[in-house]
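Have a look at the structure below before the remarks.
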Amino acid sequence: MSLEQEQAIDCATQSLKMPGLRKVFREKAREATDTGLSPVGYLGECLEAEMANRKENETRRRLQDARFPVAKTLETFDFTALPSLSREKIRTLSEGRAWTERENVLLVGQVGTGKTHIAIALGLEAIRSGARVRFVTAPALIQELLLAEKETRLSRVLKQWSRFDLVIIDELGYVSLGPGGPLLFQFCSERYERGSLLITSNLEFSRWSEVFGDPSLTTALLDRLTHHSHVLVFQGESYRFRESHNKLGKKMSKTT
Numbered sequence: 001m002s003l004e005q006e007q008a009i010d011c012a013t014q015s016l017k018m019p020g021l022r023k024v025f026r027e028k029a030r031e032a033t034d035t036g037l038s039p040v041g042y043l044g045e046c047l048e049a050e051m052a053n054r055k056e057n058e059t060r061r062r063l064q065d066a067r068f069p070v071a072k073t074l075e076t077f078d079f080t081a082l083p084s085l086s087r088e089k090i091r092t093l094s095e096g097r098a099w100t101e102r103e104n105v106l107l108v109g110q111v112g113t114g115k116t117h118i119a120i121a122l123g124l125e126a127i128r129s130g131a132r133v134r135f136v137t138a139p140a141l142i143q144e145l146l147l148a149e150k151e152t153r154l155s156r157v158l159k160q161w162s163r164f165d166l167v168i169i170d171e172l173g174y175v176s177l178g179p180g181g182p183l184l185f186q187f188c189s190e191r192y193e194r195g196s197l198l199i200t201s202n203l204e205f206s207r208w209s210e211v212f213g214d215p216s217l218t219t220a221l222l223d224r225l226t227h228h229s230h231v232l233v234f235q236g237e238s239y240r241f242r243e244s245h246n247k248l249g250k251k252m253s254k255t256t
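What follows is the structure, given as structure tokens:
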């Protein structure tokens, strides 16, 4: 490759906004010369590099858009702490079929048993498979919906949320929803069979009316949520307590 050709390709990749190809075309050209790779093979490898770069950038943007509070993965979850939790079920959900089929996932169990960890980890896997994901706590979502209703822009806000393939609502059940109950019902109803919801709650379904304050509304909501859904129950001692206890034990052993 002559200097003029190199400069022309460099200029073209800039104009076409192909940074992945721009980064590798020189190296790939040298490799093609050394190995005798055909022009078609060289072009294919360059385009593969550009596609990989675009996918990486898209994944990075979607991770930022997801607004996860912390990074959690399935690999870092201690399944031995919750032997009743099906590792195989979690693995199946991580493959992403539930999101493409617009199914819901409900994680129910005691405080500190790892529901948020699994929710974020599944959200991360969904992004890796190409889904658009947004994480939000139930109180934060309620506040957003109440403000939108007050400012007469609720329809616009609901439409903005509809662009996500998966919405993760964390911590449903910790506080009463008050006037936000009907709005959350509307939010979930808007997504029914149109997009997936992953909800974590410390309350069993029979107690959800305590949060919504309206048994009829609660029944209608659960009817929609549990249709086309996967329910996982987290049973056992607090995952966070066990983790903190183990860390404390290690620190104490080092000082003795």
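For the sequence shown, full-length UniProt numbering begins at 1 and goes up steadily by one.
Note that the Cβ used here is the ideal one computed from N, Cα and C, for glycine as well.
None of these values were measured; they are calculated from a predicted model.
Is it true that the CB of residue j sits closer than 8 Å to the CB of residue i?
i	j	result
ALA81	GLY236	yes
ALA131	TRP99	yes
SER196	ARG67	no
LEU203	GLY173	yes
LEU198	ILE142	no
PHE234	GLY109	yes
LEU183	LEU146	yes
LEU124	THR76	no
Our contact map puts residue i next to residue j with C-beta atoms below 8 Å; I'd like the distance itself, whole angstroms only.
i	j	result
ALA52	LEU21	With a Cβ gap of about 10 Å, ALA52 and LEU21 do not count as contacting.
CYS46	PHE79	That belief does not hold up - the Cβ atoms of CYS46 and PHE79 are roughly 42 Å apart, past 8 Å.
THR200	LEU107	5 Å
Taking its Cβ as the centre, do 16 or more other Cβ atoms sit within 10 Å of residue i, making it buried, or is it exposed?
i	result
MET18	buried
LYS28	buried
VAL231	exposed
SER216	exposed
VAL105	buried
LEU221	buried
ASP170	buried
LEU93	buried
THR218	buried
Shortest alpha-carbon distance to residue i belongs to which of the options?
i	options	result
ILE168	ARG191, LEU183 and PRO179	ARG191
ARG62	VAL133, GLU45 and CYS11	VAL133
HIS228	PRO69, ARG97 and PHE25	ARG97
ARG224	SER206, SER209, ASP214 and SER189	SER189
ILE127	THR152, GLU95, GLY44 and GLU4	GLU95
residue 261	THR137, ARG87 and GLU144	Since the first and last residues shown for the chain are 1 and 256, residue 261 lies out of range.
ALA140	LEU93, LEU43, HIS117 and VAL175	VAL175
LEU154	ARG87, GLN186, GLY36 and PRO179	GLN186
ALA138	THR59, THR116 and ARG91	THR116
ARG54	LEU16, ALA32 and GLU6	LEU16
Alpha helix (DSSP H) segments (min. 4 residues) lying fully within the segment 13-44: Those alpha helix (DSSP H) runs which fall completely within the segment 13-44 and span 4+ residues are 19-35.
Length-filtered (3 minimum) beta strand (DSSP E) runs lying within the UniProt domain "AAA+ ATPase" (101-232): Annotation note: the UniProt domain "AAA+ ATPase" (101-232) contains the following uninterrupted beta strand (DSSP E) runs of length 3 or greater, listed N- to C-terminal: 104-109, 133-137, 166-172 and 196-201.
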